[in-house]
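So in the working numbering, the last one in the sequence shown is 211, and the numbering has no gaps at all.
Worksheet: the structure to be examined is printed underneath.
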Amino acid sequence: TTELGEPAAEFAESAMAAAAAQARDPEHLAELVHRLRDPSPEVRHAARVDLQAAGIDAVRALIHELATDENHGHRVASSRAWVDLAPLSVRPLLATLSSENPLIKTEAARVLGHLRVPQSVPLLAVPALLGGDDVAGRALHRLAARNPTVYDAQLLLAREIENLRHGVPPFT
């Protein structure tokens, strides 16, 4: 057994490295994202588990889907994966709220509202209150348990500006 120790360890290490590389492969991740819309709950669950294992690479694959797939049903099918990847998915979702792509912003607002991410409040307040964004409004309502007002948004933004002046990172 002593003779097999080092070769066995090298083999196991090589196998683990290959599995990790496959887990981060963009084509493999795209296939997992595609499996999120499979009719079988078992297939969808297995895809979510594999996406969780891929971590930030899975977040990138989900962002790519948001940016390129205009099918509402496909984006909704991915929502559970976004939730499963929290808290890792929160910062990228917050960043997508500034996207010019309305599909990305809509889905990000929906998921952030579902996750009840307090850092999203100031980012959702302006479109919800000024632009009539229904999804942002529903997300805010979910976060605040009531419909926020323009005054609420002003207070929140004023508090965040004051925090910045004192060196506190925004929306923390």
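The C-beta atom is built at its ideal place from N, Cα and C for all residues, glycine as well.
Given the structure is predicted, the values throughout are model-derived calculations rather than measurements.
Cβ distance (whole Å) where residue i is taken to contact residue j below 8 angstroms
{"i": "LEU101", "j": "VAL72", "result": "6 angstroms"}
{"i": "SER117", "j": "LEU75", "result": "5 angstroms"}
{"i": "GLU109", "j": "LEU151", "result": "Not quite, the Cβ-Cβ distance comes to about 21 angstroms (not below 8 angstroms), so this is no contact."}
{"i": "ALA120", "j": "ARG87", "result": "5 angstroms"}
Beta-carbon proximity check, residue i vs residue j, cutoff 8 angstroms
{"i": "LEU132", "j": "PRO161", "result": "no"}
{"i": "LEU182", "j": "PRO166", "result": "no"}
{"i": "ARG114", "j": "GLU81", "result": "no"}
Rounded C-alpha distance that separates residue i from residue j
{"i": "THR40", "j": "PRO46", "result": "Unreliable placement is indicated for THR40, whose pLDDT of 43 sits below 50; no coordinate value is reported for it."}
{"i": "SER128", "j": "VAL98", "result": "6 angstroms"}
{"i": "ALA69", "j": "ASP89", "result": "12 angstroms"}
{"i": "GLY94", "j": "ALA48", "result": "26 angstroms"}
{"i": "ALA148", "j": "LEU136", "result": "7 angstroms"}
{"i": "LEU163", "j": "SER53", "result": "46 angstroms"}
{"i": "PRO65", "j": "LEU179", "result": "33 angstroms"}
{"i": "ILE200", "j": "PHE50", "result": "55 angstroms"}
{"i": "HIS67", "j": "ALA85", "result": "13 angstroms"}
{"i": "ALA92", "j": "LYS144", "result": "25 angstroms"}
{"i": "ARG63", "j": "HIS111", "result": "26 angstroms"}
{"i": "ASP123", "j": "HIS103", "result": "17 angstroms"}
{"i": "ARG198", "j": "GLY176", "result": "21 angstroms"}
{"i": "LEU194", "j": "PRO208", "result": "17 angstroms"}
Residue-chain proximity (residue i, chain C), Cβ-Cβ < 8 angstroms
{"i": "ALA197", "result": "Included in the structure is just one protein chain, with no chain C present."}
Boundaries (first-last residue) of the alpha helix (DSSP H) holding residue i
{"i": "PRO208", "result": "Neither: PRO208 is in no alpha helix (DSSP H) and is coded neither H nor E."}
{"i": "PRO141", "result": "141 to 154"}
{"i": "LEU179", "result": "173 to 183"}
{"i": "PRO131", "result": "129 to 135"}
Worksheet item: Curious, which full-length alpha helix (DSSP H) runs of at least 4 residues does the region 53 to 114 contain?
Response: 65 to 74, 80 to 93 and 95 to 107
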